[in-house]
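Protein chains: 2
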Amino acid sequence: MAANSQFSIAVHILTMLAKNCDERVKSDYLAKSVNTNPVVIRRLLCNLQEAKLVVSQVGASGGTSLAKAPENIKLSEIYKAVSSGEIFSLHRKTPNQDCPVGKNIEAILCRLQKEIDKTIEEKLAEYSLRDIIGMVVQSKG
Amino acid sequence: MAANSQFSIAVHILTMLAKNCDERVKSDYLAKSVNTNPVVIRRLLCNLQEAKLVVSQVGASGGTSLAKAPENIKLSEIYKAVSSGEIFSLHRKTPNQDCPVGKNIEAILCRLQKEIDKTIEEKLAEYSLRDIIGMVVQSKG
DNA sequence: TTAAATTGTATCAATAAATGTTACAGAACG
DNA sequence: CGTTCTGTAACATTTATTGATACAATTTAA
């Protein structure tokens, strides 16, 4: 497949919104910064809306803004909003159930995967959107 | 794309080898347990050989065995052997460099990605192949 | 010394997931 | 009431992984 860049794009556009906290930002504008199609942005914004990270308004002069202050949006929330929790995939085809390893390995890997996912979330909870804004600004100077 | 299951398959076949420490195991046999094509297994074994986790021998009565005792193979080594270090993908197309966020976000995400990757490796270093064998055996009983 | 068995590897087809594109209904603003 | 947006459906495109076939090179063993 084409590689999944939803987390990257989500952080990107949420940072844009965070820098424009007082206005509604349009998907066209975000798409130009990300360098992609507006529909791709709108699709992602729908996910982020479900996760209650943004609020969109339809109609003329509509657009999207953050649902919370940047310091209250942790990267872990963004991660949870857009990721499937599959750091690695399990077997594509069910392994041989007549083999002791084949029979049990999937459940073991599944548990391991959840542990890893939790570890990632904990790591990402260390950063907020505010921190990202700080990094963007610092790089500029 | 089809989802990447190399880590899962690698853990699977290394566990098989670990349970058969004293013999050379053939790719055909491993493929039957994993339920895939032997070439897929051989490709993966080549990676694991480069990482010095297994040793293969060509020719009649050839096959593959572990290069180290199961307790000395950490899951983090397996992960490093087969993964690209890309937990999430960066932007597919370069973002707009005239936008402050677009200009800086890639570097920020890249650093973040490396941090996460390190976190995953630390987590996976907590388990060895011996631990996995233990889990397989326990599930059986 | 030859036949059989196996890995290593190249090549290409098949699969599948994500992204990109077009189109348009529906809502809100002015 | 026309214009501007979002939401979403439908489908094409892209691209990484997996699967399959083929065969050279190597090793064993009869």
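Each protein sequence line maps, in turn, to chains A and B.
Everything in the first sequence is counted per this note's numbering, starting at 1 for the first residue and increasing by one.
Everything in the second sequence is counted per this note's numbering, starting at 1001 for the first residue and increasing by one.
Virtual Cβ for every residue (Gly too), placed ideally from N, Cα, C.
When Asn1072/B, Gln1138/B, Gln1049/B are compared, the shortest CA-CA separation from glycine 1063/B is found for Gln1049/B. The continuous stretches of beta strand (DSSP E) do not include serine 83/A, and DSSP gives it neither H nor E.
Exposed is the label assigned to lysine 52/A, since fewer than 16 other Cβ atoms lie within 10 Å of its Cβ. Contact note: serine 1008/B reaches chain A through Phe88, Ser89, Leu90, His91, Leu109, using a C-beta cutoff of 7 Å and chain order. Fewer than three pairs of CB atoms, one per stretch, sit closer than 8 Å, so the stretch 93-101 of chain A makes no contact with the stretch 12-31 of chain A. At a cut-off of 7 Å between beta-carbon atoms, cysteine 1099/B makes contact with chain A. The beta carbons of histidine 1091/B and isoleucine 9/A sit about 7 Å from each other, so the pair counts as a contact at 8 Å. With a contact defined as Cβ atoms closer than 8 Å, threonine 15/A and valine 136/A qualify at about 6 Å.
The beta-carbon of isoleucine 1120/B is placed less than 7 Å from the nearest beta-carbon of chain A. Nearest neighbour of alanine 1060/B by Cα position, chosen from Val1034/B, Asn1035/B, Ser1027/B, Cys1046/B, turns out to be Ser1027/B. Close CB contacts of leucine 109/A within its chain, under the 7 Å cut and outside five residues either way in sequence, are with Leu90 (chain order).
Closest in alpha carbon position to lysine 68/A, among Ala3/A, Phe88/A, Val54/A, Val101/A, is Val54/A. For serine 27/A, no Cβ of chain B is located within less than 7 Å of the residue's own Cβ. In the structure shown, the three-state DSSP call for lysine 68/A is coil. Restricting attention to alpha helix (DSSP H) runs no shorter than 4 residues, the stretch 1011-1062 of chain B encloses them at 1027-1034, 1038-1050, ordered along the chain. Sequence-distant partners of aspartate 1117/B (beyond 5 residues in either direction) whose C-beta falls short of 7 Å from its own C-beta, in its chain, are Gly1085, Ile1087.
Taking CB atoms only, asparagine 1072/B has no neighbour in chain A less than 7 Å away.
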